[in-house]
Every structure is written in structure tokens, then in C-alpha cells.
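Chemist:
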Amino acid sequence: MNVDTRIDAYESLRRAAMQRLERRRLRPDVDPGAVRAEIVALVDEYGRDAELGRTPPLGDPDDMVERVARAIVELGPLTDLLTRVDVEEIFIEGAKVAYLDDRGRLLGSPVPTTEEENRRLVDRLLAATDRHLSARYPIVQARVLDGTARLTAAIPPIADHLSATVRRYTVRDVSLEDLVERGSITRPAANLLRVAARVRSRIVVSGEPGAGKTTMLAAFLAAVPPTHCVRCCEEIRELSVPVAHGGYYEVRPPALDDSGEVTLRDLVKFVLAMRPDRIVVGEVRGAEAFELTRAINAGCGFACTVHANSARGALQALVNAALMAGENVTEHVVRRVFSDALDLVVHLDRDDSGADAPGIRRAVVEIAAVAPEVDRQLTCEPVFARARVGGPLEWTGATPEWLEDRLAGALGRSSLRAVLDGRVTP
Numbered sequence: 002m003n004v005d006t007r008i009d010a011y012e013s014l015r016r017a018a019m020q021r022l023e024r025r026r027l028r029p030d031v032d033p034g035a036v037r038a039e040i041v042a043l044v045d046e047y048g049r050d051a052e053l054g055r056t057p058p059l060g061d062p063d064d065m066v067e068r069v070a071r072a073i074v075e076l077g078p079l080t081d082l083l084t085r086v087d088v089e090e091i092f093i094e095g096a097k098v099a100y101l102d103d104r105g106r107l108l109g110s111p112v113p114t115t116e117e118e119n120r121r122l123v124d125r126l127l128a129a130t131d132r133h134l135s136a137r138y139p140i141v142q143a144r145v146l147d148g149t150a151r152l153t154a155a156i157p158p159i160a161d162h163l164s165a166t167v168r169r170y171t172v173r174d175v176s177l178e179d180l181v182e183r184g185s186i187t188r189p190a191a192n193l194l195r196v197a198a199r200v201r202s203r204i205v206v207s208g209e210p211g212a213g214k215t216t217m218l219a220a221f222l223a224a225v226p227p228t229h230c231v232r233c234c235e236e237i238r239e240l241s242v243p244v245a246h247g248g249y250y251e252v253r254p255p256a257l258d259d260s261g262e263v264t265l266r267d268l269v270k271f272v273l274a275m276r277p278d279r280i281v282v283g284e285v286r287g288a289e290a291f292e293l294t295r296a297i298n299a300g301c302g303f304a305c306t307v308h309a310n311s312a313r314g315a316l317q318a319l320v321n322a323a324l325m326a327g328e329n330v331t332e333h334v335v336r337r338v339f340s341d342a343l344d345l346v347v348h349l350d351r352d353d354s355g356a357d358a359p360g361i362r363r364a365v366v367e368i369a370a371v372a373p374e375v376d377r378q379l380t381c382e383p384v385f386a387r388a389r390v391g392g393p394l395e396w397t398g399a400t401p402e403w404l405e406d407r408l409a410g411a412l413g414r415s416s417l418r419a420v421l422d423g424r425v426t427p
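For what it's worth, my numbering labels the leading residue of the sequence shown as 2, then goes sequentially.
1. Any contact of the segment 398-405 with the segment 203-214, i.e. 3+ C-beta pairs under 8 Å?
2. Just how far apart, CA to CA, sit residue 335 and residue 343?
3. Note down the Cα distance separating residue 357 from residue 263, rounded to an integer number of angstroms.
4. Which whole-angstrom value describes the C-beta separation of residue 277 and residue 231, a residue pair presumed to lie in contact below a C-beta threshold of 8 Å?
5. Thinking C-beta only, is residue 150 closer than 8 Å to residue 164?
6. If I follow the unbroken beta strand (DSSP E) through residue 418, where does it start and stop?
7. From which residue to which residue does the beta strand (DSSP E) around residue 100 run?
8. What number of angstroms, rounded off, separates the C-alpha of residue 355 from the C-alpha of residue 39?
9. So which of 375, 236 and 418 has the shortest CA-CA distance to residue 385?
10. Is residue 150 helix, strand or coil when you go by DSSP?
11. How big is the Cα-Cα spacing for residue 1 and residue 366?
12. Starting from residue 215 and walking both ways along the alpha helix (DSSP H), at which residues does that stretch end?
13. Could you compute how far the alpha carbon of residue 328 sits from the alpha carbon of residue 270?
14. Look at the alpha carbon of residue 32 and the alpha carbon of residue 25, and state the distance between them as a whole number of angstroms.
15. With a 10 Å radius around its C-beta and 16 neighbouring C-beta atoms as the bar for buried, classify residue 350 as buried or exposed.
16. Hey, out of 123, 119 and 188, whose CA is closest to residue 420's CA?
17. Mind checking which residues open and close the alpha helix (DSSP H) that includes residue 186?
18. What separation, rounded to the nearest whole angstrom, lies between the Cα atoms of residue 65 and residue 73?
19. DSSP three-state call for residue 32: helix, strand or coil?
20. What does the Cβ neighbour count give for residue 141, buried or exposed, with the cut at 16 atoms within 10 Å?
21. Please look up how many angstroms separate the CB atoms of residue 303 and residue 282, rounded, as I've assumed it's under 8 Å.
22. Between residue 268 and residue 234, is the Cβ-Cβ spacing less than 8 Å?
23. To which residues of the same chain is residue 192 closer than 7 Å at the C-beta, ignoring the five residues directly before and after it?
24. Going by alpha carbons, who is nearest to residue 308 out of 290, 294 and 285?
25. Just the C-alpha distance for residue 181 and residue 364, rounded to the nearest angstrom, thanks.
26. What are the residues that DSSP puts in a beta bridge with residue 248?
27. Does the segment 81-88 come within contact of the segment 48-65, defined as at least 3 CB pairs closer than 8 Å?
28. What is the rounded straight-line gap between the Cα of residue 107 and the Cα of residue 91?
29. Pull up the distance between the alpha-carbon of residue 95 and that of residue 157, whole angstroms please.
30. Could you give the DSSP three-state label for residue 193: helix, strand or coil?
31. So is residue 53 buried or exposed if we call it buried at 16+ other beta carbons inside 10 Å?
32. In this structure, what does DSSP give as the bridge partners for residue 164?
33. From what residue to what residue does the alpha helix (DSSP H) around residue 297 run?
34. Using the three-state DSSP reduction, which class does residue 175 fall into: helix, strand or coil?
35. On the DSSP bridge list, what partners appear for residue 396?
36. Excluding the 5 residues preceding and the 5 following residue 36 in the sequence, name in chain order all residues of the same chain whose CB lies nearer than 7 Å to its CB.
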């Protein structure tokens, strides 16, 4: 049987099964055994028709039973990929499916699919959320699979065809010590971040997509004292650090009548009224950055992630995002606010250059102290740096006075130099 015939037979059986289940009021989530029995009966009937020459024969009836059952009871052809622990991201382009494994290899799915099947999968994943994908709302982001993954999807006219990614959250509970053991950061550098976590510091975590920004931010938050009020705002929630005092907040898209939208900027403005010690914003990209300047003026600490290619680039990206708010302030004013208040930029990178590597390596390549503005320029001084992922992360010898002043409340009797050179573990 050729591929087209096999797909036609599968689709015919799937639709017949759905109709029969609806007539008999069988629910796949309540009685999967009875559903499977109906599918087996349908495939047997199809086989008898094939013997009489009414339908093309099935090459493997048992395989067809499994495929139809997966489509109805589970998540269709991608069920196995969605449950494999070594799969970090799944890419859907029409009928084509590829995935990225934990060694950085981009591989094609061994299971054939159609664009219609993949669209049904996306709709099923969205069914458990308050998000939807339609001609009116042709792009969507949502937490799916019980909050273990993020779905991003688009359909025409935004995309040529169904275009979606499912990104698994491969790291949940993580600490700075965990990152030390993985080689992502050295112990002296981790100690610097521990000190910064104990005061109302302002930290930016930057890097390209997939560099480990959220994991680093989670590890940093795990070091924040339980007495601090921490309020986390995200478009799609990825952070899962237990917060003793505070909470998590997620944006809400507009309803079908375009009402009820809650943006990331709205959330930051909202939590400012809840006496936070630290506001956390995931993936700062727009007007919410301007609200962070209000947080600075209110004396709040904050931590956020930004897409950037360097520590200094992260500062400029934050300024540019704040200007998108359209408020009546100049770039110089915004730049001065951030340069005077920010403490550290933690920049990460990743290396997935070869199939022979043990996995994708994600690591801190620079921790820079943000200096007060000089000649209207954003300036930062590297405190720890490494030339490349896999190389040593070394203290540069810098001990910026302004950074020591900002962290004095957590340093106690220790000096910043003693922390940076590894003589003192806070």
C-alpha cells in the first residue's frame, strides 16, 4: 500500500471511529479501553471489506489500530516525541515534523503525519488552556502538557501553513550549586550572585534563545531569602521556583470579543502596588521595560531576562524596550535610570556544534557590573568572563567600588574581592 492510500485509510478509520464513539457516548478520557475495543472492531470490519475487494488492504492492521488509538486517546503521531525526555523542542511545519534532542541534533520524525493531523494536535493541546488558534487569532502562545511545555503556533495568513514549536521545560528545580556542578558557572561567580540575591539588587540575565536564561534566573531566585516578597510576571509561565512570600502572574490574551486582555506591562504595574522586594519579568521585549524604571524609583529590586548577544547589548535592549512604551521621556533619561540602578548583567551562551558532544552546553560567558553613565554611554565592567563555552570562567580582577557599595548590606564583614577570588563563601 502506498503512503497516500495508507493515509486515506487511516483518516477514514479515524473519522468512522469518532462518529461511532459519539453515537455511543464513549469518552476517550473516561473509558479508553472501550474506545480501543471500538477501534479494533472497525479495523476488523475494514479488513473484511478489503478481503471482498471493497477497500485497499491494510499492510499491518495492528499498526493501524495503534495509530488510530493514539489519535483519539493520546496525542496522535507525535505522542512518543511529546513524552520522550531526551527531546527538547519539536518543530512543526505543515506536514513536516522535526525535533531537537538533548545533544543538539536536529532530526526528522520517523512517524508520517499530515498537516491536518498536526493541526488537530495543536488544537488538542490548546483545549486545556484559555488560548485558541483561529483566523481571527492566527498566532498563539500557551503553556501546555500540564505546564511542562510552551506551545507557539501560527496559521495562515500569518504563516504559509501551520507553523508551530513545542518547547519542553527540561529543568524545573535548580540551584546555583547545581549550575556549578554542571560547569555552567564557577563557585566564586555563583557566590557573587548569592550575595546579589540577598539584597534588592537589579539583575539582567541575557543571551540568545535556548542559552539557558530561564534556568539561570530560576537558580538565582532560589537563592533569594524567603522573607523577600518576590512577584514574577511572564507572558507564558516558565519559572517554577517555590516562592515563600509572593506569587506568579501570567498575561491573558483578549477574549473573543476583544475584551479582558492583560498585558505584561499591566502585570508589572499591578505588582508594583503589592509591596514587592523584587519584581521578576521573563523575556522583556516591550513597554513593560518602562515599568521597571518605575520599580527603580519605588526602591524595588528586579530580575529579568533579555535577548541579546552581549552584556552591553542587553543594556541597550532594555533601554530600547522601555522607549517602546511611548512615554514622554528621552533615551538619555531612560539610559541614566538604568545605568545608575542596575547592578549586574549575567550573559549566557550555548554550544551545540557537534553530534559527538555529550549534549548542548549552556554556560555563563560573562558577568558584568553596570557602571554609572559616562558621557551618555552605557558602560559595564566585566567581573567574570570566558572566551567561549567550555573554556574557563575567570575572575578578571575587577572589584568595582560602586558594586561593592550596592552589595554592602549582604557582604557583611567580607570584602567583595574576597568573594570574587574565592576566599569567602557567603
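Where is the CB? At the ideal position from N, CA and C, for every residue including glycine. Computed from a predicted model, the values in this text were never measured in an experiment.
Modeler: Put simply:
1. no
2. 12 Å
3. With a pLDDT of only 49 at residue 357, under the threshold of 50, the placement of this residue in the model should not be trusted; the figure read from the coordinates follows. Those two C-alpha atoms are separated by around 45 Å.
4. 7 Å
5. no
6. Counting along the chain, residue 418 falls outside any beta strand (DSSP E), though it belongs to the alpha helix (DSSP H) covering 417-421.
7. 97-102
8. Bear in mind that the predicted position of residue 355 carries a pLDDT of just 48, short of 50, making it unreliable; the figure below should be weighed with that in mind. Spanning the two alpha carbons is a distance of roughly 47 Å.
9. 418
10. strand
11. Because residue 1 is not part of the residues shown, which for the chain are 2 to 427, the question remains open.
12. 214-223
13. 14 Å
14. 12 Å
15. buried
16. 188
17. Unbroken run through residue 186: none, as it is neither H nor E.
18. 12 Å
19. coil
20. buried
21. 7 Å
22. yes
23. 420, 426 and 427
24. 285
25. 10 Å
26. 232
27. no
28. 9 Å
29. 11 Å
30. helix
31. exposed
32. 94 and 155
33. 289-298
34. coil
35. 385
36. 22, 27, 29, 73 and 74
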